[in-house]
Amino acid sequence: MAGHSKFANIKHRKAAQDKKRGKIFTKLIREITVAARGGGGGDVASNPRLRLAVDKALGANMTRDTIDRAIKRGTGEGDDTHYDEIRYEGYGPAGTAIMVDCLTDNRNRTVSEVRHAFTKSGGNLGTDGSVAYMFKRTGLLMYPVGTDEDAVMEVALDVGAEDIETNDEGGIEVTMPFTDFIAVKEAMITAGFTPEQAEVIEKPENTIDVELEDAQKIMHLIDVLEDLDDVQEVHTNADFSAEVMAELSAE
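For the sequence shown, our numbering begins at 2 and goes up steadily by one.
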């Protein structure tokens, strides 16, 4: 069950940089609002998507007051702006797959901006379904280097985790079906294993190893996409080695 993970989710390695982005709160608020407007309503306990969004916002140090205002907007107690959920799929440098999840109040604006980002960064926008089949929605808990892998494994497998692997840096990745994410996360915390990062991701079924030159181009494309107001998440099957990430970080 345990092994070595070739999966290297770029957005986790970019976490420190992303926290500096001024737009992060705006995107989190939008996600909370849309989640609260969904079938589960504004009750965090009965709305898994809202629970995930709120946990992510708390992890980014958003205040409870700001979160509550966003929930109220979603339940009709404020701004009545309607956001559509759209996923765009395409290809980046080196034939890598790219998926872009958006929340927008203007589809024409969003597709134009996303297409332009792909084009000017050496990629191309594809059709619906062109790369989505390469990814699997998965719950992910990440533990830092030095965590007792055997102890994590013993608890994680007992509470419903699917797999436990070490990543390139020596940290531990615990994955589970996304539908079990909240239950597994809470059980792990109760057992004394609070994750360093925890979220539902689109995990690539297979990754593509990329060298520094292509990595620079892919990272640029991801940065351009993430800077767009309507873009919530960017997923890729590109895998950057620790050496390549060190080079990128030094630039």
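Just so it is clear, CB atoms sit at the ideal spot from N, CA and C, and this is done for glycine as well.
Return helix, strand or coil for residue 145, following the three-state DSSP convention.
By 1-based counting over the sequence shown, the position of residue 145 is 144. Annotated three-state conformation of residue 145 is coil, per DSSP.
Mark residue 137 as exposed unless 16 or more other C-beta atoms lie within 10 angstroms of its C-beta, in which case mark it buried.
As a first step, residue 137 must be located in the sequence shown, where it is residue number 136. With fewer than 16 other Cβ atoms within 10 Å, it is exposed.
Could you give the uninterrupted runs of the alpha helix (DSSP H) lying entirely in the region 79-140, keeping only those of 4 residues or more?
Complete alpha helix (DSSP H) runs here, min 4: 108-121.
Tell me the residue span of the alpha helix (DSSP H) that contains residue 177.
By one-based count along the sequence shown, residue 177 stands at place 176. Looking at the DSSP string, residue 177 is not in any alpha helix (DSSP H); the run it does join, the beta strand (DSSP E), is 173-178.
Over what stretch of residues does the alpha helix (DSSP H) that includes residue 211 continue unbroken?
Within the sequence shown, residue 211 is the residue found at index 210, counting from 1. Residue 211 -> no alpha helix (DSSP H), and no H or E assigned at all.
Cβ neighbour criterion (16 or more within 10 Å) applied to residue 74:
The count along the sequence shown starts at 1 and reaches residue 74 at position 73. Under the 10 Å beta carbon count, residue 74 is surrounded by 16 or more other beta carbons and is classified as buried.
Please check if any C-beta of chain D sits within less than 9 Å of the C-beta of residue 229.
Judged by its chain identifiers, the structure shown contains no chain D, having just a single protein chain.
Suppose contacts are defined by Cβ-Cβ distances below 9 Å. Is residue 25 in contact with residue 236 by that definition?
For this step, residue 25 is matched to residue 24 along the sequence shown. For this step, residue 236 is matched to residue 235 along the sequence shown. Taking 9 Å as the Cβ cut-off, residue 25 and residue 236 do not qualify as a contacting pair.
Got a sec? Which residues, its chain only, sit under 6 Å from residue 54 by beta carbon, not counting five neighbours each side?
As a position in the sequence shown, residue 54 is number 53, starting the count at 1. If we look at residue 54 and ignore the five residues flanking it on each side, its Cβ neighbours are 32, 33 and 36.
Which same chain residues end up closer than 6 Å to residue 116 when comparing Cβ atoms and leaving out the 5 residues on each side of it in sequence?
What you label residue 116 is simply residue 115 of the sequence shown in a count that begins at 1. The residues are 126.
Go ahead and pull the three-state DSSP assignment for residue 163.
Position 162 of the sequence shown, counted from the first residue, corresponds to residue 163. Coil.
Kindly identify the DSSP beta-bridge partner or partners of residue 219.
Reading the sequence shown from its first residue, position 218 is the one you call residue 219. In the DSSP output, where bridge partners are listed per residue, residue 219 has none listed.
DSSP three-state assignment for residue 196, whether helix, strand or coil:
By one-based count along the sequence shown, residue 196 stands at place 195. Three-state DSSP puts residue 196 in coil, outside helix and strand.
Which residue wins for smallest C-alpha separation from residue 160, given the options 188, 242 and 95?
Taking the sequence shown and counting its residues from 1, the one referred to as residue 160 is at position 159. Of the candidates 188, 242 and 95, 188 places its Cα closest to the Cα of residue 160.
Consult DSSP for residue 57 and reduce its assignment to one of helix, strand or coil.
What you label residue 57 is simply residue 56 of the sequence shown in a count that begins at 1. Helix at residue 57.
Give the secondary structure of residue 204 by DSSP, where H, G and I count as helix, E and B as strand, and everything else as coil.
As a working mapping, residue 204 is identified with position 203 in the sequence shown. It is a strand residue.
Buried or exposed: which applies to residue 205, given that a residue is buried once 16 or more other Cβ atoms fall within 10 Å of its Cβ?
Here residue 205 refers to the residue found at position 204 of the sequence shown. By the 10 Å Cβ count, residue 205 comes out buried.
What is the DSSP secondary structure of residue 34, reduced to helix, strand or coil?
As a position in the sequence shown, residue 34 is number 33, starting the count at 1. Here residue 34 sits in helix by DSSP.
Indicate whether residue 85 and residue 105 have their beta-carbon atoms separated by less than 9 Å.
Residue 85 sits at position 84 when you count from the first residue of the sequence shown. Residue 105 sits at position 104 when you count from the first residue of the sequence shown. A contact, by the Cβ cut-off of 9 Å.
CB-CB length for residue 91 against residue 218, believed under 8 Å
Sequence index remark: in the sequence shown, residue 91 carries index 90 (1-based). Sequence index remark: in the sequence shown, residue 218 carries index 217 (1-based). Between residue 218 and residue 91 the Cβ distance is about 14 Å, and since that is not below 8 Å, they are no contact.
Please state whether DSSP places residue 69 in a helix, a strand or coil.
Residue numbering aside, residue 69 sits at position 68 when the sequence shown is read from its first letter. DSSP, read as helix, strand or coil, puts residue 69 in helix.
Given a cut-off of 9 Å, decide if residue 232 and residue 101 are closer than it, judged by their beta-carbon atoms.
By one-based count along the sequence shown, residue 101 stands at place 100. By one-based count along the sequence shown, residue 232 stands at place 231. Contact: yes.
Boundaries (first-last residue) of the alpha helix (DSSP H) holding residue 185:
As a working note, residue 185 is residue 184 in the sequence shown. Per DSSP, residue 185 belongs to the alpha helix (DSSP H) from 182-191.
For the alpha helix (DSSP H) holding residue 245, just list the boundary residues, first then last.
Within the sequence shown, residue 245 is the residue found at index 244, counting from 1. Counting along the chain, the alpha helix (DSSP H) containing residue 245 begins and ends at 243-251.
What three-state label does DSSP hand residue 27 in the structure shown?
Here residue 27 corresponds to residue number 26 of the sequence shown, with the count starting at 1. Residue 27: helix per DSSP, three-state reduction.
Whose CA, out of 250, 226, 82 and 243, lies closest to the CA of residue 89?
Counted from its first residue, the sequence shown places residue 89 at position 88. Among 250, 226, 82 and 243, the Cα nearest to that of residue 89 belongs to 226.
Could you check the C-alpha separation between residue 168 and residue 174 for me, to the nearest Å?
Sequence index remark: in the sequence shown, residue 168 carries index 167 (1-based). Sequence index remark: in the sequence shown, residue 174 carries index 173 (1-based). So the alpha carbons of these two residues sit roughly 7 Å apart.
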